[in-house]
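Numbering (the working numbering), first residue to last: 27 to 512. Even glycine gets a Cβ: it sits at the ideal position worked out from N, Cα and C. A quick note: this is a predicted structure, and the numbers were derived from the prediction, not measured.
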Ligand code: NAD
């Protein structure tokens, strides 16, 4: 049963790329599904001096692809209003305040305000401060803040941002977006782990040999060198998305499926993550940069537009994480992410220990593997030992595979729709919490420091490969190998 959610969402950065591509279509879907009916309003704000009609046209264009029913689209757009406003100017918050109050009265919302910060991260703290000091927070119902990425660029800057936000909001009012947590197959980890006693019971060092998380991209840096050359794969993909996925995999079993208990269970793991010293960074992490490839379009990273000729940026990272927990004693969590790799893929491979049962002279059983395919095709693959058909008794791995159907794909909400919906419901289960973010930064900062001082080799890898040989050696040192080979 769908019941109406009463809410007023203010989008900062309302004319931006993210708002147009993702946010308005997501809110429109919630309207089409009936979660938003009469009592909702959207207030857009940005620097541009748009009239209300111009803004509504921008929203109309943004949802055009999903607006099969024109009357329905127009009924939705009726709930939008717009005010130009500079987020750094305290005085101009008055304009926004009156727009919010007007919309709130018009649609009978009574409090329940969500503020979505789809602006450059340097504005997050400023907006939070002025929302409070200039009286834009609701005095009845809830106030919630949705925060885009990145959440800081180091532990120090993240901590500063967190304290700025906490001056105006309680931590449980903060919804830190990591859109990987909104992905269907990432959310499916919990169903697999806790919905199947067979996996729940085996989710530990007794049965699991290693865990692998791969986020590989085929594209190179494209036109983003200005940002990417300072971030690299370590900050762009590992600190946030990869670590958040690892949180679902490494967590303890939550006492209940509520955001509070889920966070506590994830934090039990994050708090046990081993932070590396310089020697360990060199032992457990590999950084790489792409060279050219077989295709002429594969330029070396150093020859890409706006990349400094002497850049030591990591376009590839592979590493081993260790959790000092009884559950995970001796179990490596391998992560890797990079650009210009052989395939675009987000996947998790759980490698189970091989059985030790002796079938006489037969070939030994192999490691069973559970793979959770996140992108681009959702699915689950389970490779288990089975008998081969030869005369001798031998085992072989066979695959039990499931792929998300076309119908399921159509019915799967976009991460942004899910995250906005969850925020309206006050459910923080699929958002990054401060403790996890802080530890991810401490972990990554320790690696960044070694790289900044150039105290680790920078490997090169061929564009179109699956990364440097050193990343294969990292696993081979433990008797392991990457499951996904491109
Ligand atoms: P954008 O540059 O397209 O839009 C920025 C918006 O901020 C515009 O509406 C602009 O008017 C507004 N703005 C800028 N300065 C302002 C000021 N002083 N006062 C008021 N408004 C001001 O940016 P974007 O791509 O939409 O990204 C917004 C946020 O979302 C960023 O934090 C970004 O990191 C994050 N993000 C974007 C994407 C994406 O696909 N675009 C994906 C993930 C995260």
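Taking the CB atoms as reference points, tell me whether residue i and residue j lie closer together than 8 Å.
i: residue 277; j: residue 294; result: yes
i: residue 378; j: residue 215; result: no
i: residue 34; j: residue 130; result: yes
i: residue 54; j: residue 113; result: no
i: residue 74; j: residue 41; result: yes
i: residue 139; j: residue 110; result: no
i: residue 314; j: residue 246; result: no
i: residue 52; j: residue 442; result: yes
i: residue 106; j: residue 141; result: no
i: residue 3; j: residue 357; result: Summary: the structure shown does not reach residue 3, with the chain confined to residues 27 through 512, and so no result is reported for it.
i: residue 263; j: residue 368; result: no
i: residue 279; j: residue 291; result: yes
i: residue 373; j: residue 398; result: yes
i: residue 302; j: residue 473; result: yes
i: residue 160; j: residue 108; result: no
i: residue 419; j: residue 381; result: no
i: residue 475; j: residue 184; result: no
i: residue 340; j: residue 260; result: yes
i: residue 199; j: residue 170; result: yes
i: residue 250; j: residue 459; result: no
i: residue 212; j: residue 482; result: no
i: residue 147; j: residue 255; result: no
i: residue 190; j: residue 155; result: yes
Note down, in chain order, each residue of its chain lying with its Cβ closer than 6 Å to the Cβ of residue i, except the 5 sequence neighbours on either side.
i: residue 158; result: 194
i: residue 179; result: none
i: residue 244; result: 370
i: residue 98; result: none
i: residue 65; result: 32, 133, 134 and 135
i: residue 145; result: 38 and 39
i: residue 468; result: 181 and 301
i: residue 353; result: 230
i: residue 453; result: 285
Quickly, what does DSSP pair residue i with across the bridge? List them, please.
i: residue 237; result: 359 and 376
i: residue 36; result: 69 and 141
i: residue 399; result: 373 and 405
i: residue 169; result: 139
i: residue 242; result: 364 and 371
i: residue 312; result: 344
i: residue 424; result: 410
i: residue 289; result: DSSP output for residue 289 lists no bridge partner at all.
i: residue 57; result: Note: residue 57 sits in no beta bridge, so no partner.
i: residue 491; result: 367
i: residue 319; result: 489
i: residue 200; result: 171
i: residue 220; result: BP columns for residue 220 are empty, so no partner.
i: residue 299; result: 349
Which same chain residues, not among the five before or five after residue i, have their C-beta less than 7 Å away from its C-beta?
i: residue 175; result: 203, 204 and 266
i: residue 298; result: 349, 350 and 351
i: residue 501; result: 360, 507 and 508
i: residue 488; result: 317 and 319
i: residue 417; result: none
i: residue 236; result: 357, 358, 360, 377 and 506
i: residue 93; result: 99
Relative to the C-alpha of residue i, which residue among the options is closest?
i: residue 360; options: 343, 181 and 207; result: 343
i: residue 309; options: 354, 386, 446 and 345; result: 345
i: residue 63; options: 50, 46, 47 and 30; result: 30
i: residue 400; options: 119, 433, 207 and 386; result: 207
i: residue 150; options: 225, 192, 94 and 322; result: 192
i: residue 197; options: 457, 261 and 434; result: 457
i: residue 60; options: 355, 325, 102 and 147; result: 102
i: residue 36; options: 510, 72, 503 and 347; result: 72
i: residue 47; options: 88, 476 and 77; result: 88
i: residue 428; options: 421, 438 and 408; result: 408
i: residue 239; options: 217, 274 and 49; result: 274
i: residue 485; options: 250, 311 and 69; result: 311
i: residue 162; options: 287, 296, 143 and 124; result: 124
i: residue 115; options: 296, 392, 153 and 70; result: 153
i: residue 402; options: 91, 390, 430 and 347; result: 430
i: residue 126; options: 117, 462, 383 and 70; result: 70
Once you ignore the five residues that flank residue i on each side, which residues in its own chain have a CB closer than 8 Å to its CB?
i: residue 498; result: 507 and 508
i: residue 480; result: 338
i: residue 7; result: For the chain, the structure presents residues 27 to 512; residue 7 sits outside this window and is missing.
i: residue 413; result: 419, 420, 421 and 422
i: residue 226; result: 219, 220 and 279
i: residue 503; result: none
Runs of beta strand (DSSP E) wholly within the segment 111-163 (minimum 3 residues, chain order): 139-143
Uninterrupted beta strand (DSSP E) stretches inside the segment 413-489 (no shorter than 3 residues): 421-429 and 484-489
4 or more residues per run - each alpha helix (DSSP H) lying fully within the segment 70-113: 78-89 and 96-103
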